[in-house]
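Taken in order, these protein sequences are the chains called A and B.
Residues in the first sequence are numbered consecutively from 126, following the working numbering.
Residues in the second sequence are numbered consecutively from 525, following the working numbering.
Worksheet: the structure to be examined is printed underneath.
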Amino acid sequence: MSQKLSIVVVEPDRERAILIVDSLRGAGDHKVSVIAEMTGLARHVSNLNPDIVLIDVSSPSRDILEELTLASGPLERPVAMFVDRSDDSLTREAIEAGVSAYVVDGLRPERIKPIMDAAIARFHMFHRIRLELEATKRALEERKVIDRAKGLLMKARGVDEDAAYALLRKTAMDQGRKVVDVAEALVTTAGLLS
Amino acid sequence: MSTALLEAGFIPLVDAAPFVVAHEIGFAEEEGLALRLHAAPSWATLRDMLILGRVDAAHMLSAMPVAMALGLGGVAARIDVLSVLSVNGNAIGVSGELAQRMRAAGYRFDFADAAVAGRALLAAAREEPRIGVPFPFSMHAELLYHWLGALGVAAPQALRVVTVPPPLMAQAMAAGEIDAFCVGAPWGSMAVENGVGELLLPTSAIRAFAPEKVLAVRHDWAEAEPELARRLMRALWRASKWLDQPENHSTASELLARREYLNVPAEVIERSLSGRLVISPRAEIRAVENYLLFHRGAAAYPWRSHGALIARSLAERSGLDGAESAEAGRAIFRTDLFRRNLRDLGAEIPGATDKVEGALGQKTAVASESGKLILEPDAFFDGFIFDPNGES
Numbered sequence: 126m127s128q129k130l131s132i133v134v135v136e137p138d139r140e141r142a143i144l145i146v147d148s149l150r151g152a153g154d155h156k157v158s159v160i161a162e163m164t165g166l167a168r169h170v171s172n173l174n175p176d177i178v179l180i181d182v183s184s185p186s187r188d189i190l191e192e193l194t195l196a197s198g199p200l201e202r203p204v205a206m207f208v209d210r211s212d213d214s215l216t217r218e219a220i221e222a223g224v225s226a227y228v229v230d231g232l233r234p235e236r237i238k239p240i241m242d243a244a245i246a247r248f249h250m251f252h253r254i255r256l257e258l259e260a261t262k263r264a265l266e267e268r269k270v271i272d273r274a275k276g277l278l279m280k281a282r283g284v285d286e287d288a289a290y291a292l293l294r295k296t297a298m299d300q301g302r303k304v305v306d307v308a309e310a311l312v313t314t315a316g317l318l319s
Numbered sequence: 525m526s527t528a529l530l531e532a533g534f535i536p537l538v539d540a541a542p543f544v545v546a547h548e549i550g551f552a553e554e555e556g557l558a559l560r561l562h563a564a565p566s567w568a569t570l571r572d573m574l575i576l577g578r579v580d581a582a583h584m585l586s587a588m589p590v591a592m593a594l595g596l597g598g599v600a601a602r603i604d605v606l607s608v609l610s611v612n613g614n615a616i617g618v619s620g621e622l623a624q625r626m627r628a629a630g631y632r633f634d635f636a637d638a639a640v641a642g643r644a645l646l647a648a649a650r651e652e653p654r655i656g657v658p659f660p661f662s663m664h665a666e667l668l669y670h671w672l673g674a675l676g677v678a679a680p681q682a683l684r685v686v687t688v689p690p691p692l693m694a695q696a697m698a699a700g701e702i703d704a705f706c707v708g709a710p711w712g713s714m715a716v717e718n719g720v721g722e723l724l725l726p727t728s729a730i731r732a733f734a735p736e737k738v739l740a741v742r743h744d745w746a747e748a749e750p751e752l753a754r755r756l757m758r759a760l761w762r763a764s765k766w767l768d769q770p771e772n773h774s775t776a777s778e779l780l781a782r783r784e785y786l787n788v789p790a791e792v793i794e795r796s797l798s799g800r801l802v803i804s805p806r807a808e809i810r811a812v813e814n815y816l817l818f819h820r821g822a823a824a825y826p827w828r829s830h831g832a833l834i835a836r837s838l839a840e841r842s843g844l845d846g847a848e849s850a851e852a853g854r855a856i857f858r859t860d861l862f863r864r865n866l867r868d869l870g871a872e873i874p875g876a877t878d879k880v881e882g883a884l885g886q887k888t889a890v891a892s893e894s895g896k897l898i899l900e901p902d903a904f905f906d907g908f909i910f911d912p913n914g915e916s
């Protein structure tokens, strides 16, 4: 039975943090701590003296953790960037999933791998959720613009909704543009003229 | 010439301007490049994107490729510096409270004399000042260690240089984590704009000509793709020449202000480009010569001595061998590629690969291929000189 590892997750979003911790629990019996506060981050991480630190690659606070890679005292354990390690494909996979790992020097790869795999799977899920959210939001926004453009046309030309949409679509096809782009142009122009 | 696609990464800062201008004004296209620019959230992530091949070129802190060449910071990689993207451009600022204490002690914010400013700061700070920089390996950190070290502070032990991403600097200051900061444009001006602090010095007052950001590529990529590297270097060099014209500053500011780049008011950006900075919430203005250089004085030339000096300082602080490190830092600055790829554009290329850093107190004509090159002053405030040939 190997010793417990101490893992720190740097994540300001509470719900995401809970999900990450859950997935890490599935990867073994480790001590997992979450830091949500970015002020004094380097100090808080050092105090916990972790074996592994996980942080979202898109977090601007990542640069703060780079300080950990400089062993500034004889008692401090140097931390390696994951990139430096022999397992380059795991590093690539992690970064592409959106998570970066700082691992204390000398930790064996077979101990790191299950934790990284769990983190990578979780971050892939975050990524998918974000894409879905963005797509939904975009679709909603597009519909709103098209509805407004239809309204403008109905009023200006005295046509019904179907005719207004048909007109938008025809213009879009004639100009080789998307319906939403034509609608957007119309709404902007109307805004300028009113 | 068919157009080739090139992925490049940058951090949203004023000195990313050569990339933005090369893309937006069309220099890249004229050189046969379609630049796809990716804004990175942090220097660490930009570095990883470059190492892992997500981008082939990056806007990078001049000390980062040197640190990687020395294997510092847990990452060892051979990254080459093809050119210098910007010289100077950082500012040191202090919290409003500290500024008030300095004023009360009789200090007048002249934004010029580094020795006087440094002594005033040390006198007003209650203990050793904690100063925020954007990254551990940066010209910001280098200049702070040099500056306060020259004034008698035992650097690095007695100096607390901590990493704080510029967007979080205000928060860190409010929380009492830092007393002062050294940041690049537009963050110094944004700090004044948001009432977070006051500007104390441009870093050019510490060292008149310090390589700030560089064009960084993987060594293997530079070797495998010489034609792409050539197109990129030429496009960026032409962009820097365009940026050097004062009449283009407004346009450049408007471009950089866009949401996909810096997303801050154009007026704040123009202060850095013109070197006319607002240093306090009372709208005091100071004009600084060579506040931020892109082109003049062969600014883009990747002097090997730039790399050697950064390496030597990093080695000193990390306990590595000085001479060996200086040579490793020297080797990644590719004066050879610069000479080969920019010669026929009419670039003023120095005849030498190295210079004695800190020797020029004023503008000086030097030997170049065309014989018309004038170098800008490069002196340190304390008269420090680094002779790369004096390394043994």
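C-beta: ideal position from N, C-alpha, C; glycine also.
Ala-748/B beta carbon near the ligand HEM (any heavy atom closer than 7 Å): Inclusion of the ligand HEM in the displayed structure is not the case, the ligand content being empty and no account of it being possible.
Pair within 8 Å by beta-carbon distance, Leu-838/B and Ser-849/B: Your numbering for residue 838/B matches position 314 in the second sequence. Your numbering for residue 849/B matches position 325 in the second sequence. The answer is yes: Cβ separation under 8 Å.
Completely contained alpha helix (DSSP H) runs for the region 847-884 of chain B, where each covers 4 or more residues: 859-866
As assigned by DSSP and simplified to three states, the class of Lys-303/A: Position 178 of the first sequence, counted from the start, is the residue given in the question as residue 303/A. Of the three classes helix, strand and coil, the one that applies to Lys-303/A here is coil, per DSSP.
Per-residue contacts from Thr-164/A into chain B (C-beta, under 7 Å): Locating residue 164/A in the first sequence gives position 39, counting from the first residue. Those are Gln-695, Ala-696, Ala-699 and Glu-701, listed as they occur along chain B.
Identity of the residue in Ile-730/B, Lys-765/B and Phe-905/B nearest Ala-665/B by Cα: Looking up residue 665/B in the second sequence gives position 141. Ala-665/B has its Cα closest to that of Ile-730/B, out of Ile-730/B, Lys-765/B and Phe-905/B.
Whole-number beta carbon distance between Pro-175/A and Ile-143/A, since they are thought to touch under 8 Å: Taking the first sequence and counting its residues from 1, one reaches residue 143/A at position 18. Taking the first sequence and counting its residues from 1, one reaches residue 175/A at position 50. At roughly 19 Å, the Cβ-Cβ gap does not stay under 8 Å, so Ile-143/A and Pro-175/A are not in contact.
Uninterrupted alpha helix (DSSP H) stretches inside the region 600-650 of chain B (no shorter than 4 residues): If only uninterrupted alpha helix (DSSP H) runs of at least 4 residues are considered, those enclosed by the region 600-650 of chain B are 620-628 and 638-648.
Buried/exposed call for Arg-255/A, threshold 16 Cβ in 10 Å: In the first sequence, counting from the first residue as 1, residue 255/A sits at position 130. So Arg-255/A counts as exposed.
Sub-8 Å separation of Val-657/B and Pro-710/B beta-carbons: By one-based count along the second sequence, residue 657/B stands at place 133. By one-based count along the second sequence, residue 710/B stands at place 186. No, the pair does not count as a contact, with Cβ atoms beyond the cut-off.
Short CB-CB distance (under 8 Å) between Val-182/A and chain B: Along the first sequence, one-based indexing puts residue 182/A at 57. At least one chain B Cβ lies under 8 Å of Val-182/A.
Residue burial classification, Glu-872/B (beta-carbon count within 10 angstroms, cutoff 16): Your numbering for residue 872/B matches position 348 in the second sequence. Under this definition Glu-872/B is a buried residue.
Residue nearest to Val-880/B in terms of C-alpha spacing, selected from Ala-649/B, Leu-529/B, Pro-726/B and Gly-914/B: As a working note, residue 880/B is residue 356 in the second sequence. Nearest neighbour of Val-880/B by Cα position, chosen from Ala-649/B, Leu-529/B, Pro-726/B and Gly-914/B, turns out to be Gly-914/B.
Contact with chain A by Val-688/B, beta-carbon distance below 8 Å: Start at 1 with the first residue of the second sequence, and residue 688/B comes out as number 164. Judged by the 8 Å Cβ criterion, Val-688/B is in contact with chain A.
Residue-level contact to chain A via CB, Leu-576/B, 8 Å cutoff: To locate residue 576/B, count along the second sequence from 1; it is residue 52. Leu-576/B counts as touching chain A.
Where Arg-806/B falls: helix, strand or coil (DSSP): As a position in the second sequence, residue 806/B is number 282, starting the count at 1. Note: Arg-806/B maps to coil in three-state DSSP.
Cβ of Trp-827/B within 8 Å of any chain A Cβ: Position 303 of the second sequence holds residue 827/B. Not closer than 8 Å to any Cβ of chain A, the Cβ of Trp-827/B fails to qualify, so no.
Per-residue burial, Leu-866/B [other beta carbons within 10 Å of its own, 16 or more giving buried]: Within the second sequence, numbered from 1, the residue matching residue 866/B stands at position 342. So Leu-866/B counts as buried.
Residues of its chain near Ser-728/B, where Cβ-Cβ distance is below 7 Å and the 5 sequence neighbours each way are ignored: Taking the second sequence and counting its residues from 1, the one referred to as residue 728/B is at position 204. If you ignore the 5 residues before and after Ser-728/B, its C-beta comes within less than 7 Å of the C-beta of Asn-612, Val-812, Asn-814 and Tyr-815, all in its own chain and listed in chain order.
Same chain only: Cβ atoms within 6 Å of Ile-575/B, ignoring 5 sequence neighbours per side: Against the second sequence, residue 575/B aligns to sequence position 51. Cβ neighbours of Ile-575/B beyond the five flanking positions: Ala-601.
Chain A contacts made by the region 737-757 of chain B, where a contact means CB separation under 8 Å: none
Proximity below 8 Å, CB of Leu-767/B to CB of Val-545/B: Residue 767/B sits at position 243 when you count from the first residue of the second sequence. Residue 545/B sits at position 21 when you count from the first residue of the second sequence. Against a cut-off of 8 Å, the Cβ pair of Val-545/B and Leu-767/B comes out as a contact.
Among Gly-550/B, Arg-632/B, Pro-826/B and Trp-567/B, the one whose alpha carbon lies nearest that of Asp-755/B: Mapped onto the second sequence, residue 755/B falls at position 231. Rather than Asp, the amino acid found at residue 755/B in this sequence is Arg. Taking only the C-alpha atoms, the option nearest Arg-755/B is Gly-550/B.
Pro-660/B: contacting residues in chain A (beta-carbon distance under 9 Å): The count along the second sequence starts at 1 and reaches residue 660/B at position 136. Correct list: Asp-188, Glu-191, Glu-192, Thr-194 and Leu-195.
C-alpha distance - Glu-555/B paired with Pro-770/B, whole-angstrom precision: Sequence index remark: in the second sequence, residue 555/B carries index 31 (1-based). Sequence index remark: in the second sequence, residue 770/B carries index 246 (1-based). If you take the alpha carbons of Glu-555/B and Pro-770/B, they lie about 24 Å apart.
Within 8 Å, strictly: CB atoms of Leu-559/B and Ala-552/B: Numbered from its first residue, the second sequence carries residue 559/B at position 35. Numbered from its first residue, the second sequence carries residue 552/B at position 28. Yes; because the gap between Cβ atoms is below 8 Å, this pair is in contact.
Cα-Cα separation, Val-208/A to Gly-276/A: On the first sequence, residue 208/A is found 83 positions in, with the first residue counted as 1. On the first sequence, residue 276/A is found 151 positions in, with the first residue counted as 1. Because Val-208/A sits at a pLDDT of 48, beneath the cut-off of 50, its placement in the model cannot be relied upon, and the following sentence gives the value as read from the coordinates. Near 55 Å, if we compare the C-alpha coordinates of Gly-276/A and Val-208/A.
C-beta contact flag for Asp-878/B and Pro-912/B at 8 Å: The residue you call residue 878/B lines up with position 354 of the second sequence. The residue you call residue 912/B lines up with position 388 of the second sequence. Result yes, Cβ atoms of Asp-878/B and Pro-912/B sit closer than 8 Å.
Any C-beta of chain A under 8 Å from that of Met-907/B: In the second sequence, residue 907/B corresponds to position 383, counting from 1. According to the sequence shown, residue 907/B is Gly rather than Met. So no, Gly-907/B is outside the interface.
Limits of the beta strand (DSSP E) - the one that Thr-164/A falls within: Numbered from its first residue, the first sequence carries residue 164/A at position 39. Taken as a continuous stretch (DSSP letters only), Thr-164/A belongs to no beta strand (DSSP E), as it is neither H nor E.
Pro-726/B classed as buried or exposed, judged by whether at least 16 other C-beta atoms fall within 10 angstroms: Along the second sequence, one-based indexing puts residue 726/B at 202. With 16 or more other Cβ atoms within 10 Å, it is buried.
Sequence-distant residues of the same chain with beta carbon closer than 7 Å to Ala-903/B, five excluded per side: For the purposes of this step, residue 903/B is taken as the residue at position 379 of the second sequence. Counting only Cβ-Cβ distances below 7 Å, and skipping sequence neighbours, we find Ala-732, Gly-882, Leu-884 and Gly-885.
Rounded separation between Asp-147/A and Thr-313/A - CA only: For the purposes of this step, residue 147/A is taken as residue 22 along the first sequence, with counting starting at 1. For the purposes of this step, residue 313/A is taken as residue 188 along the first sequence, with counting starting at 1. Using only the alpha carbons, I get a separation of about 47 Å.
Beta-carbon proximity of Ile-237/A to Leu-149/A, cut-off 8 Å: As a first step, residue 237/A is located in the first sequence; it is residue number 112 there, counting from the start. As a first step, residue 149/A is located in the first sequence; it is residue number 24 there, counting from the start. No, they are not a contact pair.
Contacts that Gly-656/B makes with chain A (C-beta to C-beta distance below 8 Å): If you number the second sequence from 1, residue 656/B lands on position 132. Ordered by position in chain A, no residue passes the 8 Å Cβ test against Gly-656/B, which lies about 10 Å from the chain.
Start and end residues, alpha helix (DSSP H) containing His-252/A: Taking the first sequence and counting its residues from 1, the one referred to as residue 252/A is at position 127. Its alpha helix (DSSP H) spans residues 234-282.
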